[in-house]
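Yeah, the sequence shown ends on 450 if you go by this note's numbering, and it's all consecutive. Ideal Cβ positions, reconstructed from N, Cα and C, are used throughout, including at glycine. Contents: one structure, followed by commentary.
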Amino acid sequence: MTKKRKIPLRKCVATHEMKEKKEMIRIVRSKEGVVSIDLTGKKSGRGAYLSKDKDAILKAQKKNVLSSHLEAEVPDELYNELLELVEAGSK
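Structure below.
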């Protein structure tokens, strides 16, 4: 009997959907208050997950979900970077 591995699920802060961790992008705030994209999923700090979906990112930007979730200022450049990541990944 093969043991089924547990797939880690995470909740998107914009859409509130539960998805597999690998289908999400992690955004992290360090102790210094610097917000960055965590592609490894291993950076230390307060993390928030967003779906790898253009609509989810735009929704998060419009509603300012990330800055309230991470309790830090999230620059527009970060959202632009996220959108570029999603665009590149969907090709």
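Residues bridged to Ile386 by DSSP?
In the sequence shown, the residue the question calls residue 386 occupies position 27. DSSP lists Ile396 and Ala407 as partners of Ile386.
Taking only the alpha-carbon atoms, compute the straight-line gap between Val387 and Pro367 and give it to the nearest angstrom.
Position 28 of the sequence shown, counted from the start, is the residue given in the question as residue 387. Position 8 of the sequence shown, counted from the start, is the residue given in the question as residue 367. Their backbone Cα atoms lie some 18 Å apart in a straight line.
Using a Cβ-Cβ cut-off of 7 Å (strictly less than) and excluding sequence neighbours within five positions of Lys402, which residues of its own chain qualify?
In the sequence shown, residue 402 corresponds to position 43, counting from 1. Excluding residues within five positions, the ones whose Cβ falls inside 7 Å are Val387.
Please state the DSSP three-state secondary structure of Glu376.
On the sequence shown, residue 376 is found 17 positions in, with the first residue counted as 1. The answer is coil: DSSP assigns Glu376 none of H, G, I, E or B.
Evaluate Arg364 with the Cβ neighbour count: other Cβ atoms within 10 Å of its Cβ, from every protein chain shown; 16 or more gives buried, anything less gives exposed.
Within the sequence shown, the letter at position 5 stands for residue 364. Burial call: exposed.
Can you find the residues in the same chain that come closer than 8 Å, C-beta to C-beta, to Lys422, ignoring five residues on each side of it along the sequence?
Against the sequence shown, residue 422 aligns to sequence position 63. A distance below 8 Å between beta-carbons, with the five flanking residues on each side excluded, links Lys422 to the following residues of its chain, in chain order: Ala373.
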